[in-house]
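Numbering (this note's numbering), first residue to last: 18 to 160.
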Amino acid sequence: MDTKICTKCKQEKPVGDFSLNRGRPRPRCKECSKAEARLYNKNGYYRNYLREYYKRPEAREQRKKRMIEYRTRPAVRIKNLARWFVNHEIRSGRLNRQPCAFCGEEQGEAHHKDYTQPLMIVWLCKACHHQVHIEMQDTRGGN
């Protein structure tokens, strides 16, 4: 049986006591992760951070621009919904990440050829995905 040492409590524990992140055990055991999450949530750090962040004028302006774009441009809305749908399917376990279709690298990203069909995707690594979008811009004439 494989074991791993928790970076927080320094105890050697079975790998099953560690949550997985992209198929690999996280550095902290589940108990230490839960304790840290409880403390983090109890203090309300993230909630306070967001409250302060959105008080800043530049953050409010940026959010306002994104919401206007989302409401006025249907293409942006369809693109966001397709991205949300794929992420939802991955989180629910109905869709699994695949290696890159071009080079075979393990960390595949979902590429949509057509955003109106959110599950018709090609798995590409970051570099290949970037290259595909550059080629798409060249064929479309810039944008």
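Virtual Cβ for every residue (Gly too), placed ideally from N, Cα, C.
Closest to Q124 by CA distance: which of A144, V93, D131 is it? Position 107 of the sequence shown, counted from the first residue, corresponds to residue 124. Residue A144 is the option with its Cα nearest to Q124.
Taking the alpha carbon of R193 as the point to measure from, which residue in K59, K81, E78, W140 has its own alpha carbon closest? What is shown of the chain runs 18 to 160, which leaves residue 193 out entirely.
Following the continuous beta strand (DSSP E) through L141, name the residue where it begins and the one where it ends. Position 124 of the sequence shown, counted from the start, is the residue given in the question as residue 141. Taken as a continuous stretch (DSSP letters only), the beta strand (DSSP E) holding L141 covers 138-141.
Measuring only the C-alpha atoms, how far is V93 from P74? For this step, residue 93 is matched to residue 76 along the sequence shown. For this step, residue 74 is matched to residue 57 along the sequence shown. Whole-angstrom Cα-Cα distance: 24 Å.
Between I95 and the rest of its own chain, which residues show a CB-CB distance below 7 Å, the 5 nearest in sequence each way excluded? Along the sequence shown, read from residue 1 onward, the residue named residue 95 stands at position 78. Correct list, in chain order: Y132, T133.
L98, enclosing alpha helix (DSSP H) - first and last residue: Position 81 of the sequence shown, counting from 1, holds the residue named residue 98. Taken as a continuous stretch (DSSP letters only), the alpha helix (DSSP H) holding L98 covers 91-109.
Quick check on the DSSP output: what are the complete alpha helix (DSSP H) runs of length 4 or more inside the segment 20-105, in order along the chain? Listed in chain order, they are 47-60, 62-70, 74-89.
Nearest to C142 (by Cα), restricted to the options Q154, Y66, I151, H128: Here residue 142 refers to the residue found at position 125 when the sequence shown is read from its first residue. Of Q154, Y66, I151, H128, the residue nearest in Cα terms is H128.
If we count the other Cβ atoms within 10 Å of its Cβ and call it buried at 16 or more, is A99 buried or exposed? Within the sequence shown, numbered from 1, the residue matching residue 99 stands at position 82. In this structure A99 is buried. Its beta-carbon is surrounded by 16 or more other beta-carbon atoms within 10 angstroms.
Chain-order list of residues whose beta-carbon lies under 8 Å from that of R80 (same chain, five-residue window excluded): As a working mapping, residue 80 is identified with position 63 in the sequence shown. Closer than 8 Å at the Cβ level, and outside the excluded window around R80, lie Y71.
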